[in-house]
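Position one of the sequence shown corresponds to residue -2 (the working numbering), numbered consecutively onward. By construction, the Cβ of each residue, glycine as well, lies at the ideal position given by its N, Cα and C atoms. First the structure, in the form of structure tokens, and then the observations on it.
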Amino acid sequence: MVQRRNTRQRQLVLDAVMQLDDHPTADEIYITVRQQDEHVSRGTVYRNLNLLAEEGRILDVKVPGGDRFDHRVDDHAHLVCRSCGEVCDVPDPNASDADARTADATGYAGVSHYTVFSGICPKCQEKGLGEQEA
């Protein structure tokens, strides 16, 4: 994990991820950052999101429809609604064990993984959305 100099723009991006506690998209983070500094470009936000994820300070969560970002970097999984795309955290107490077992079985080093479950969220269920997918 490479630690880079923390620029003002990178701090604005990190602050936005922390503030938007609902697994925001890069565009949602960009809008929030622009409210703080209208001179920050979309490219700067995207580049800093990637750098922060590389450093392990945030998670880049790959879900259908595009990447989402998470300020939690502890062992946990994600659950995405197949109807509306909402993403929530799910405890994953066995994550570290799975990485170690996989490394032992394969000889690979630095093994990591992320888990994304899918389902229909309670709000969409109430609206009758996604029933054919359930």
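Option nearest residue i by Cα separation, candidates the options
i: Q8; options: P61, A102, H68, V58; result: H68
i: N91; options: C85, V84, T99; result: T99
i: G159; options: D24, S109, F114; result: Residue 159 cannot be examined here, being either before or after the span of the chain that is shown, -2 to 131.
i: K59; options: V10, D72, V113; result: V113
i: G116; options: S93, F66, P88, G82; result: G82
i: P88; options: F66, K124, Y111, T103; result: Y111
i: E123; options: V108, L48, V30, S80; result: S80
i: D19; options: E51, R65, R31; result: R65
Start and end residues, beta strand (DSSP E) containing residue i
i: A95; result: Not the beta strand (DSSP E): A95 falls in the alpha helix (DSSP H), residues 92 to 103.
i: L56; result: 56 to 60
Beta-bridge partners of residue i, as assigned by DSSP
i: P88; result: H73
i: V113; result: H75
i: D64; result: K59
Host alpha helix (DSSP H) of residue i (start-end)
i: D24; result: 23 to 33
i: D19; result: It is not in any alpha helix (DSSP H) - D19 carries neither H nor E in the DSSP assignment.
Chain D within 7 Å of residue i, Cβ atoms only
i: A100; result: Chain labels in this structure do not include chain D; a single protein chain is all it has.
Classification of residue i by the beta-carbon crowding that lies within 10 angstroms, buried from 16 upward
i: P21; result: buried
i: Y27; result: buried
i: H75; result: buried
i: C121; result: buried
i: C118; result: buried
i: C85; result: exposed
i: A13; result: buried
i: R5; result: exposed
i: V42; result: buried
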